[in-house]
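Novice:
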Amino acid sequence: MADLTVDVDGLDASQQLLRDNIRRYLKEHVAPRIDQAEKDKHFPHEVLTGLADFGYFGGY
Numbered sequence: 005m006a007d008l009t010v011d012v013d014g015l016d017a018s019q020q021l022l023r024d025n026i027r028r029y030l031k032e033h034v035a036p037r038i039d040q041a042e043k044d045k046h047f048p049h050e051v052l053t054g055l056a057d058f059g060y061f062g063g064y
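FYI, the numbering for the sequence shown is 5 to 64, going by the working numbering.
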């Protein structure tokens with residue numbers, strides 16, 4: 005499998021802040037639900053709204 009790490013040395017402060025905020029959101033709102041979502045074969049679409057709040061989905 006390919007190495008999926010990202011070299012963050014080139015990120016400026018605002019990019020690092022965005023990355024950190026998205027990681028925190030995923031840890032708090034997605035990670036606790038992912039096992040059940042997979043068992044139910046249902047994607048919790050409401051998490052997309054939270055990611056859109058970060059500007060992560062431009063057209064959402």
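Each residue gets a CB set at the ideal place from its N, CA and C atoms; glycine is no exception. Everything numeric in this text was worked out from a predicted model, so none of it was measured.
Provide the residue span of the alpha helix (DSSP H) that contains glutamate 32, from first to last.
Specialist: No alpha helix (DSSP H) contains glutamate 32, which DSSP labels as neither H nor E.
Novice: Taking only three categories from DSSP, how would you classify glycine 14?
Specialist: coil
Novice: Mind checking whether leucine 55 and phenylalanine 47 have CB atoms under 8 Å apart?
Specialist: No, they are not a contact pair.
Novice: Taking 7 Å as the limit between beta carbons, can you name the residues of its chain near methionine 5, skipping five residues before and five after?
Specialist: Caution applies to methionine 5, whose pLDDT of 49 falls short of 50 and renders its modelled position unreliable; the model cannot decide the point.
Novice: Look up leucine 21 in the DSSP assignment and say whether it is helix, strand or coil.
Specialist: helix
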